Structures are given as structure tokens and as C-alpha cells.
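Participant: One gets the working numbering by counting positions in the sequence shown from 1 and adding 15 to each.
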Amino acid sequence: DPGKPYSVAYSPLTGATAVHRINAAGTGSSSVAANPWTKGWTQLVPFRLGTVQYMLAYRGASGEVKINKVTGSGNDVTFTTVFQGTWSAGWTNIVPMLHNGAVHLLRYSQSQGWASFDKANAGGEGVTHLEYSNRSRTWTSFSPFTLDGKGHVLVYKAGSGETKILKLTADGSAVTTTADMNWTLGLA
16 DPGKPYSVAY SPLTGATAVH RINAAGTGSS SVAANPWTKG WTQLVPFRLG
66 TVQYMLAYRG ASGEVKINKV TGSGNDVTFT TVFQGTWSAG WTNIVPMLHN
116 GAVHLLRYSQ SQGWASFDKA NAGGEGVTHL EYSNRSRTWT SFSPFTLDGK
166 GHVLVYKAGS GETKILKLTA DGSAVTTTAD MNWTLGLA
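1) Would you call the segment 75-88 in contact with the segment 97-105, where contact means no fewer than 3 C-beta pairs closer than 8 Å?
2) Report all residues from its chain with a CB closer than 7 Å to the CB of L113; omit the five preceding and five following residues, and keep chain order.
3) For the beta strand (DSSP E) that contains T243, what are its first and last residues?
4) Once DSSP output is grouped into helix, strand and coil, what is the label at G166?
5) Since N38 sits in a beta bridge, which residues does DSSP pair it with?
6) N90: buried (16+ other C-beta within 10 angstroms of its C-beta) or exposed?
7) Report the residue from L200, L169, L145 and W129 whose alpha carbon sits nearest the alpha carbon of N136.
8) Express the C-alpha separation of P27 and P51 in angstroms, rounding to a whole number.
9) Quick check on the burial criterion: 16 or more other C-beta atoms within 10 angstroms. Buried or exposed for K172?
10) Look up A1 in the DSSP assignment and say whether it is helix, strand or coil.
11) By Cβ distance below 7 Å, which residues in the same chain neighbour S46 in space, the five residues on each side in sequence not counted?
12) Per DSSP, what kind of secondary structure is G78 in: helix, strand or coil?
13) Going by DSSP, which residues form a beta bridge with N50?
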């Protein structure tokens with residue numbers, strides 16, 4: 016249903032998958048599909064382009080990436096692959112952000128400290144790579160949000176409590192730090 020929320024639960028070890036439709040007023044959910052997918056997807060990233068829902072699936076070990084268009088209503092939900100390709104392996108976090116009316120993705124490798132800034136293409140047909148950046152390593156949590164139409168992400172290191180708020184630059188190819196903070200250690 017357009018505008019109705021769904022959730023996907025997935026096990027990368029077994030491929031077990033369950034799609035649930037969230038009930039009105041958030042009072043629970045109803046199972047709409049329970050079909051096995053292939054094993055090994057490490058990131059499932061939902062995003063919307065206009066009124067169309069998409070889900071990016073990524074395998075960290077091989078770099079395989081797919082973007083699926085999500086359609087249907089009620090108990091009939093379909094995932095149609097609109098893009099398939101290969102990125103480098105090892106991205107541990109992929110974060111979608113709405114920025115200047117477009118969907119941008121921040122990819123991050125915790126072990127290498129590398130960040131990639133990308134913009135989703137129309138129709139979910141891949142992404143346009145904007146820039147790479149060498150960032151610090153071991154960020155553990157990423158929480159995206161939008162303020163005044165600009166993409167931001169709060170990043171946190173569980174081991175040190177170091178926390179920053181980063182804002183995408185006008186073209187989305189980099190970030191600037193808008194806040195440096197120290198939070199409690201060990202948060203998730």
C-alpha cells in the first residue's frame with residue numbers, strides 16, 4: 016500500500032526472510048511474506064524516491080549490490096531488481112539521507128575508515144559516486160536525519176563515546192562537522 020509501512024526481517028546466516036505490514040497506529044504487524052532469500056546479505060537499506068519505495072541489499076564479503084523496487088499492497092508485496100552490480104567489499108554501514116530533495120548514501124568501512132558519498136539515481140537504477148573520504152576508524156552507530164532539507168548523520172564510537180553530527184555539503188560529496196560531543200561508552 017503506498018505510504019503504508021512494511022518491515023523486513025532477514026538472517027544473513029540462513030537466508031530466512033519475513034516481510035511484515037505495520038498495522039494502523041503502530042499497534043503491531045501482520046506477516047505478508049516469509050520466503051527464503053539467498054544467504055549473506057549484510058546490509059538492507061530502505062529508501063524512497065518520490066512515492067516509490069526501494070531497498071538496497073549489499074553483501075559485505077563480495078561487494079554484490081542490488082536495488083529492489085518494492086511494490087504491492089495488502090498481503091501481496093513484490094521485490095523487483097532494478098539495479099545489480101558490484102561495489103568493493105567491506106562496507107559495514109550504508110546510511111540513506113534525504114538531502115536537497117534527493118536521496119544520498121553514506122557508505123562506511125569501519126576497519127579502513129573509508130567513507131563513500133553517493134547519490135541514488137532516478138528509478139533506483141544504481142547510484143552516482145560523488146567522492147571518497149578517509150575518515151577515522153571504528154565508528155559504530157549512524158543515525159541519519161534531515162534539518163531544513165539538508166542531510167545530516169549522527170555518528171558514535173561505542174568504545175570511546177566520541178560523537179559527532181555531520182552535515183552533507185551542498186553537493187553531497189563530503190561532510191562538515193557541526194557538533195563534537197562525548198557520550199557514555201558502550202551505547203548501541
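Glycine residues also receive a C-beta, built at the ideal position from the N, C-alpha and C atoms. Just so we're clear, the structure is a prediction, and the values are computed from it rather than from any experiment.
Facilitator: According to the structure shown:
1) Yes, the segment 75-88 is in contact with the segment 97-105.
2) In the sequence shown, residue 113 corresponds to position 98, counting from 1. Hits under 7 Å: T161 and G166.
3) Since the displayed the chain opens at 16 and closes at 203, residue 243 lies outside it and no answer follows.
4) Walking along the sequence shown from the start, residue 166 turns up at place 151. Looking at G166 - three-state DSSP - the assignment turns out to be strand.
5) Here residue 38 refers to the residue found at position 23 when the sequence shown is read from its first residue. Beta-bridge pairing links N38 to no other residue.
6) Along the sequence shown, read from residue 1 onward, the residue named residue 90 stands at position 75. Residue environment: N90 is assigned as exposed (fewer than 16 neighbouring CB atoms within 10 Å of its CB, all protein chains considered).
7) The residue you call residue 136 lines up with position 121 of the sequence shown. Comparing Cα-Cα distances from N136 to each of L200, L169, L145 and W129, the minimum goes to L145.
8) Looking up residue 51 in the sequence shown gives position 36. Looking up residue 27 in the sequence shown gives position 12. Taking the straight line from one Cα to the other gives about 11 Å.
9) Counting from 1 along the sequence shown, the entry for residue 172 is found at position 157. K172 is classed as buried because its beta carbon has at least 16 other beta carbons within 10 Å across all chains shown.
10) Outside the modelled stretch of the chain, which goes from 16 to 203, sits residue 1, for which no answer is possible.
11) Looking up residue 46 in the sequence shown gives position 31. Excluding positions up to five away in sequence, the list reads A33 and H35.
12) The count along the sequence shown starts at 1 and reaches residue 78 at position 63. Note: G78 maps to coil in three-state DSSP.
13) Residue mapping note: residue 50 aligns to position 35 of the sequence shown, counting from 1. As DSSP reads the structure, N50 sits in no beta bridge.
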